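K.L.:
Have a look at this one.
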Amino acid sequence: QKEVEQNSGPLSVPEGAIASLNCTYSDQGSQSFFWYRQYSGKSPELIMFIYSNGDKEDGRFTAQLNKASQYVSLLIRDSQPSDSATYLCAVNKGDFGNEKLTFGTGTRLTIIP
Amino acid sequence: DTAVSQTPKYLVTQMGNDKSIKCEQNLGHDTMYWYKQDSKKFLKIMFSYNNKELIINETVPNRFSPKSPDKAHLNLHINSLELGDSAVYFCASSQFQGNTEAFFGQGTRLTVV
Numbered sequence: 009q010k011e012v013e014q015n016s017g018p019l020s021v022p023e024g025a026i027a028s029l030n031c032t033y034s035d036q037g038s039q040s041f042f043w044y045r046q047y048s049g050k051s052p053e054l055i056m057f058i059y060s061n062g063d064k065e066d067g068r069f070t071a072q073l074n075k076a077s078q079y080v081s082l083l084i085r086d087s088q089p090s091d092s093a094t095y096l097c098a099v100n101k102g103d104f105g106n107e108k109l110t111f112g113t114g115t116r117l118t119i120i121p
Numbered sequence: 016d017t018a019v020s021q022t023p024k025y026l027v028t029q030m031g032n033d034k035s036i037k038c039e040q041n042l043g044h045d046t047m048y049w050y051k052q053d054s055k056k057f058l059k060i061m062f063s064y065n066n067k068e069l070i071i072n073e074t075v076p077n078r079f080s081p082k083s084p085d086k087a088h089l090n091l092h093i094n095s096l097e098l099g100d101s102a103v104y105f106c107a108s109s110q111f112q113g114n115t116e117a118f119f120g121q122g123t124r125l126t127v128v
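What follows is the structure, encoded as structure tokens:
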């Protein structure tokens with residue numbers, strides 16, 4: 009089982025709709041969770057992080073965390089063509105002082121005008 | 016002002032050569048990382064340094080040698096390059112060890128021919 013799993017996509021969503029991106033992780037000891045956006049040929053860019061169970065909203069983005077189910081998701085409301093990118097889920101795990109980010113393989117999202 | 020900058024952006028070299036990639040961050044962060052992103056876009060940590068001290072070494076061949084002359088700089092030297100080393104190498108930094116909200120440089124695309 010991969011440490012962090014994402015559906016590779018491509019996920020196609022009409023402009024203006026809600027895009028839903030999902031991620032599961034295997035280590036119950038994982039403490040914090042991140043969503044990065046990566047445009048083709050560019051570097052990953054942090055868009056959201058979440059530490060506690062529940063929802064966290066930032067503008068059009070909502071991160072959802074369910075530690076019991078080891079599941080984290082990202083919702084993008086009112087999707088725009090500029091949201092077309094690969095979305096990487098990352099999980100922070102490790103002993104104190106040796107924490108590291110483990111990434112999923114990413115979900116490619118395409119917003120259709 | 017670029018927060019995390021790497022040079023060069025592109026590197027094409029022959030098998031067996033030795034090459035270096037340089038990274039500098041002006042964010043005042045304590046922790047710096049090297050990540051490798053392969054052709055399938057999988058992003059994996061290679062090394063992390065905290066205040067010039069090596070913290071994480073993720074079973075990387077010893078042909079790869081990182082060096083951190085100070086906490087703002089982290090370089091990567093690669094000896095005897097192999098075809099399989101072709102990838103995009105990202106430098107990143109975070110505020111301190113344990114805070115893994117990482118900010119990435121623009122990447123160095125290494126092609127070994």
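These protein sequence lines are chains A and U, in that order.
Just so we're on the same page, my numbering is the position in the first sequence counted from 1, plus 8.
Just so we're on the same page, my numbering is the position in the second sequence counted from 1, plus 15.
We put the beta carbon where it would ideally sit given N, CA and C, even for glycine.
Bear in mind that the values here come from a model prediction, so they are computed numbers and not experimental data.
How would you list, in chain order, the residues of chain C whose beta-carbon sits under 8 Å from the beta-carbon of residue 94 (chain A)?
P.N.:
Structure shown: chain C not included; protein chains present are A and U.
K.L.:
What's the C-alpha gap between residue 19 (chain U) and residue 37 (chain U)?
P.N.:
As a working note, residue 19 (chain U) is residue 4 in the second sequence. As a working note, residue 37 (chain U) is residue 22 in the second sequence. Roughly 11 Å separates the two Cα atoms.
K.L.:
Along the chain, which unbroken stretches of the beta strand (DSSP E) at least 3 residues long are found entirely within the region 49-85 of chain A?
P.N.:
For the region 49-85 of chain A, whole beta strand (DSSP E) runs of length 3 or above, ordered along the chain, are 53-58, 62-66, 69-74, 79-84.
K.L.:
List, in order along the chain, the chain U residues whose C-beta lies closer than 7 Å to that of residue 114 (chain A)?
P.N.:
For the purposes of this step, residue 114 (chain A) is taken as the residue at position 106 of the first sequence. Chain U residues near residue 114 (chain A): 56.
K.L.:
Pick from A:80, A:25, A:102: whose alpha carbon is nearest that of residue 121 (chain A)?
P.N.:
Position 113 of the first sequence, counted from the first residue, corresponds to residue 121 (chain A). Looking at the Cα atoms, A:25 is the closest of the given residues.
K.L.:
Just to make sure I have the definition right: I need the residues of chain A whose C-beta is within less than 8 Å of the C-beta of residue 43 (chain U). Which are they?
P.N.:
Position 28 of the second sequence, counting from 1, holds the residue named residue 43 (chain U). Those do not exist, as residue 43 (chain U) stays about 17 Å from chain A at its closest Cβ, beyond 8 Å.
K.L.:
For residue 117 (chain U), which residues in chain A fall below 9 Å Cβ to Cβ?
P.N.:
Locating residue 117 (chain U) in the second sequence gives position 102, counting from the first residue. The contacting residues are 42, 44, 52, 54, 98, 109.
K.L.:
In chain order, what residues of the same chain have a beta carbon less than 7 Å from the beta carbon of residue 70 (chain U), not counting five sequence neighbours either side?
P.N.:
Position 55 of the second sequence, counted from the start, is the residue given in the question as residue 70 (chain U). 63, 64, 112.
K.L.:
Take every Cβ of the region 42-56 of chain U, pair it with every Cβ of the region 100-109 of chain U, and state whether three or more of those distances are shorter than 8 Å.
P.N.:
Yes, the region 42-56 of chain U is in contact with the region 100-109 of chain U.
K.L.:
Taking Cβ positions, are residue 91 (chain U) and residue 35 (chain U) nearer each other than 9 Å?
P.N.:
In the second sequence, counting from the first residue as 1, residue 91 (chain U) sits at position 76. In the second sequence, counting from the first residue as 1, residue 35 (chain U) sits at position 20. The answer is yes: Cβ separation under 9 Å.
K.L.:
On the DSSP bridge assignment, give the partners of residue 52 (chain U) in chain order.
P.N.:
Residue 52 (chain U) sits at position 37 when you count from the first residue of the second sequence. DSSP, once it has assigned bridges, lists U:58, U:103 as partnering residue 52 (chain U).
K.L.:
Return the residue from the list A:88, A:53, A:62 that minimises the CA-CA distance to residue 114 (chain A).
P.N.:
Counted from its first residue, the first sequence places residue 114 (chain A) at position 106. Ranking the options by Cα distance to residue 114 (chain A), first place goes to A:53.
K.L.:
Verify the CB distance criterion: does residue 69 (chain A) have a CB-CB separation below 9 Å to chain U?
P.N.:
On the first sequence, residue 69 (chain A) is found 61 positions in, with the first residue counted as 1. So, not an interface residue.
K.L.:
I want to verify the contact list: residues of chain A whose CB lies under 9 Å from the CB of residue 36 (chain U), in sequence order.
P.N.:
As a first step, residue 36 (chain U) must be located in the second sequence, where it is residue number 21. None at all; the shortest Cβ gap to chain A is about 14 Å.
K.L.:
In angstroms with no decimal places, state the Cα-to-Cα distance between residue 21 (chain A) and residue 117 (chain A).
P.N.:
Taking the first residue of the first sequence as position 1, residue 21 (chain A) is located at position 13. Taking the first residue of the first sequence as position 1, residue 117 (chain A) is located at position 109. Roughly 8 Å between the two C-alpha positions.
K.L.:
Using the beta-carbon count (16 or more within 10 Å), is residue 85 (chain A) buried or exposed?
P.N.:
As a position in the first sequence, residue 85 (chain A) is number 77, starting the count at 1. Exposed, because fewer than 16 other Cβ atoms sit within 10 Å of the Cβ of residue 85 (chain A).
K.L.:
Using only the alpha-carbon positions, how far apart do residue 34 (chain A) and residue 80 (chain A) sit?
P.N.:
In the first sequence, counting from the first residue as 1, residue 34 (chain A) sits at position 26. In the first sequence, counting from the first residue as 1, residue 80 (chain A) sits at position 72. Distance between the alpha carbons of residue 34 (chain A) and residue 80 (chain A) is about 12 Å.
K.L.:
Quick one: is residue 39 (chain U) near chain A, going by C-beta distance under 9 Å?
P.N.:
Position 24 of the second sequence holds residue 39 (chain U). Closer than 9 Å: no.
K.L.:
Could you check whether residue 51 (chain A) and residue 99 (chain A) sit closer than 9 Å to each other, using their CB atoms as the reference points?
P.N.:
Stepping through the first sequence from its first residue, residue 99 (chain A) is reached at position 91. Stepping through the first sequence from its first residue, residue 51 (chain A) is reached at position 43. Taking 9 Å as the Cβ cut-off, residue 99 (chain A) and residue 51 (chain A) do not qualify as a contacting pair.
K.L.:
Strictly below 7 Å CB to CB, what residues from chain U border residue 106 (chain A)?
P.N.:
Working through the first sequence from its first residue, we reach residue 106 (chain A) at position 98. Near residue 106 (chain A) (Cβ distances below 7 Å), the residues of chain U are 70, 71.
K.L.:
Just the Cα atoms here: how many angstroms apart are residue 72 (chain U) and residue 23 (chain A)?
P.N.:
Taking the second sequence and counting its residues from 1, one reaches residue 72 (chain U) at position 57. Taking the first sequence and counting its residues from 1, one reaches residue 23 (chain A) at position 15. Cα-Cα distance, rounded: 43 Å.
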